[in-house]
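If you're matching them up, the sequences are chains A and B in order. For the first sequence, our numbering assigns the number 1464 to the initial residue and increments by one for each residue that follows. For the second sequence, our numbering assigns the number -17 to the initial residue and increments by one for each residue that follows. From the three backbone atoms N, C-alpha and C, an ideal C-beta is built for every residue, glycine too. First up is the structure itself, then whatever we jot down about it.
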Amino acid sequence: MLATTKLTYKYANSKPIFYPDIKVEKGNALLILGQSGVGKSTLLHMLGGLMPPTAGKVVVNDISMNDLSPKELDKFRGSNIGIVFQKSIFMQALTVKENLQLCRKLAGLTPNDHRIAEVLARLGIPHKSNSKPNELSQGEQQRLSIARAVISEPSILLADEPSSALDDKHCLAVTDLLREQMESENCALIIVTHDQRISDRFENQLILTPKNKQI
Amino acid sequence: MNLAKVSWKNVWAKPWSTFLSVILIAFGVGLLSLLFIFKKQFTEQFDRNQAGVDMVAGAKGSPLQLILNSMFHVDAPTGNIKVEDAAFLFNPKNPYIEDAVPLSIGDSYKTFRIVGTDNSILEFYDAKIDQGRITENVMEVIVGAEVQAETQLKIGSTFFSSHGFNEGDLEHDHGAPFKVVGILAPHNSVMDKLIITDYRSIWEVHESHDHSSDTVSVNQNSVNDDLDSSVVAAVPPIITDFPDKDITSILVRFKADKKRAIPVINMPRNINENTAIMATSPTYQLNKLLANLGAALKAVSYLAILIGLISALSVFISLYNNLKERKHELAMMRVAGASPTQLSALILMEALYIGLIGALLGVLLAHGGLWIISGLLNAQFHYALDAWRLNIVEIALIVGTCLLSLLAGTIPAIRAYRTNIIDSI
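Listed below in structure tokens is the structure:
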């Protein structure tokens, strides 16, 4: 589970952004909505352990990420947090399966080809196991992004604008897919987006507004 | 799927850029390695065939040609000399000379050279009879191990010699043929490639069409002074019985304790100035040859080093350019749990792989090249090089190339280390 307290981030030459406290339990989803410029991505980066907050704490599974050394944080991130980015980026020299194997390796997990096959099957791309990422369609690449995010059995699944580039039909399909993963992995799902189309799919919502910047 | 494997796959994901770097490295390393092995084996061949020869005497002309022809049995023979002109070298009373072996060179059998000499040459080279016996009569021959292996001559085989050293040269097919009486044990020297016979055999073969001698007989003065008529009995028969016959050259060994004596050191010069024949020191000639060769080899090795440096630059550029394209991939690895150190290790391993493949390919090229050169040398002179023997210097060259590659990968590795996740995603 994930909890934040008094999370604050301050960019140089700019007013600090204060974030409301967040708490998400395993098996639950939270949608963070907000227009551009309200600090959505900054929040996601802090939740994902990619960027330390200026003040406040991010606690995942009772461990405060602020207290970890850089090396510990790398491993912690690899094994506890899965992130689906807007852009699909993979190791182009490796096959789909090898990309997923590498992720497990980097997270410090034992190789498990059975798990890889299972995740690919769940996401509907089992036949792409030995393809190179650039041989996949856009939709398949997004599924692979999700596969990579969950392959290391994370307790937190973060998604950054997963639907904004998609049409209405695919937009809902992706959110369903993420929700399914959340359920089968029994992890916490946090989606950060400005896409209002998916808002009625999630009961837990946090809306960031420019007023977070003031005070 | 560990980092080493990822690195390996990355190397081959850009095959052309990798290929360019690898080829450049291979050429640099190959050239250096070829130069090195060639020089080493060349020197080894010389050392092996020096057989303690301190001086070679023959017709006036090119001293190097005299050495190459009389000791290594390559190059054309120099002109002939009259036995009596060189008689002083055979004089057992000469206080400086331990041993002198006459050589008559010019004929061959199936491109293997026939050397007219006496049995003392075996002792000179410390060569041992493997089968049969030493020659006792005219027209008997002992064949070297390689000659036997290639010509299939056996004890009792007979053959006619050819005039000259090439296949198809005029055959001396009249008169008695040569008869094999002995086969030498392998000696790993020029002895393996020779057919040894009594010097009189050569004269016998050539009796019918002897060449006009180009040597001029003059009175032996200073050097010849100590020839004492009272010891004529101990003098080898070549000078008592055949003073007016022709030979090609004489291999001379000085007495061990006199090698540094002033008259010995001055002897070649003394002979050149005062007699009709020429004498020279093989050590001096070979050092001169190696020095000249060394200068040429040095020039080529500079070129090789230049290619090596360019190849390092190519490794650097290829890694650096790839890095720009792979910024996102590296950031993604960080997200998935990779530490900055792991990213630099990934890049350094790529550099190492390219260096290692290039170096190994280079060494392989060098040995392949040597193998071809060896084939040519063998066909022409019966000299083979040991083409596939790996040298410790080559190991050093491979290690050095890997280090240079790693160096070329340092800056890209540092950049990879500094990959900013947020900016690159």
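Apart from the 5 residues on each side of it in sequence, B:Gly340 sits with its Cβ closer than 6 angstroms to the Cβ of Val4, Ile7 and Ala8 in its chain, given in chain order. With 16 or more other Cβ atoms inside 10 Å of its own Cβ, A:Gly1512 counts as buried.
Buried is the label assigned to B:Ile178, since at least 16 other Cβ atoms lie within 10 Å of its Cβ. Within the stretch 314 to 338 of chain B, the residues whose Cβ lies closer than 9 angstroms to any Cβ of chain A are, in chain order, Met314, Met315, Arg316, Val317, Ala318, Gly319, Ala320, Ser321, Pro322, Thr323 and Gln324.
Interface with chain A (9 angstroms Cβ-Cβ cutoff): B:Trp(-6) is included. Rounded to whole angstroms, the separation of the alpha carbons of B:Ile79 and B:Asn252 is 15 angstroms. Remark: fewer than three beta-carbon pairs, one from each stretch, lie closer than 8 angstroms, so the stretch 352 to 363 of chain B and the stretch 260 to 276 of chain B are not flagged as touching. Shown here for A:Ala1610: same chain residues with a beta carbon closer than 7 angstroms to its own, the five before and five after excluded, namely Leu1563, Val1582, Leu1583 and Leu1586 in chain order.
Along the stretch 355 to 384 of chain B, none of the residues has a CB nearer than 8 angstroms to a CB of chain A. Per DSSP, B:Pro219 lies in no beta strand (DSSP E) segment; the continuous alpha helix (DSSP H) that holds it begins and ends at Pro219 to Asp223. Within the same chain, Cβ atoms closer than 7 angstroms to the Cβ of B:Pro250 are found at Met37, Ala261, Thr262 and Ser263, the five residues on either side in sequence being excluded.
Per the coordinates, the alpha-carbon of B:Ala348 lies some 23 angstroms from the alpha-carbon of B:Asn170. Around the beta carbon of A:Ile1614, a 10 Å sphere encloses 16 or more other beta carbons of the protein chains shown; the residue is thus reported as buried. Closer than 9 angstroms to the CB of B:Lys(-9) there is at least one CB belonging to chain A. Around A:Gly1541, the beta-carbon contacts reaching into chain B at under 7 angstroms are Ala318 and Gly319. Sequence-distant Cβ neighbours of A:Asn1543 in its own chain, meaning closer than 6 angstroms and more than five residues away, are Val1523, Pro1617 and Ser1618. Any Cβ of chain B closer than 9 angstroms to the Cβ of A:Ile1653 would place that residue at the interface, and such an atom is absent.
Under DSSP, A:Phe1481 shares a beta bridge with A:Thr1471. In the three-state scheme derived from DSSP, where H, G and I count as helix and E and B as strand, B:Phe1 is classed as helix.
Nearest CB-CB separation between B:Asn(-16) and chain A: below the 9 angstroms threshold. Taking C-beta atoms as the reference points, B:Gly10 and B:Thr383 count as a pair closer than 9 angstroms. In the structure shown, A:Asp1630 adopts coil according to DSSP, grouped into three states. Scanning the stretch 1502 to 1580 of chain A for uninterrupted alpha helix (DSSP H) segments of 4 residues or longer gives 1503 to 1510, 1533 to 1543 and 1559 to 1569, listed from N- to C-terminal end. The shortest C-alpha to C-alpha distance from B:Leu14 to any of B:Gly344, B:Pro(-3) and B:Pro59 is the one to B:Gly344. Counting only the Cα atoms, B:Val246 lies some 26 angstroms from B:Gln27.
Residue environment: A:Pro1673 is assigned as exposed (fewer than 16 neighbouring CB atoms within 10 Å of its CB, all protein chains considered). In the structure shown, the three-state DSSP call for B:Ile287 is helix. Comparing alpha carbon positions, the residue from B:Met331, B:Ala369, B:Gly164 and B:Val83 closest to B:Ile232 is B:Val83. Apart from sequence neighbours up to five positions away, the residues of its chain that approach B:Arg400 with a beta-carbon distance below 8 angstroms are Pro322, ordered along the chain. Residue contact with chain A for B:Ile407: present (Cβ-Cβ distance below 9 angstroms to some residue of chain A). Going by DSSP, B:Gly61 is part of no beta strand (DSSP E) at all; its letter is neither H nor E. The Cβ atoms of B:Leu176 and B:Val120 lie no closer than 9 angstroms to each other. Contact note: A:Ile1546 reaches chain B through Val317, using a C-beta cutoff of 8 angstroms and chain order. Out of A:Val1655, A:Gly1500 and A:Gln1659, the CA that lies nearest to the CA of A:Ile1485 is found in A:Val1655. Around the CB of B:Asp228, 16 or more other CB atoms lie within 10 Å, so the residue is classed as buried. For A:Gly1545, the closest alpha carbon among the candidates A:Ile1653, A:Glu1666 and A:Leu1671 is that of A:Ile1653.
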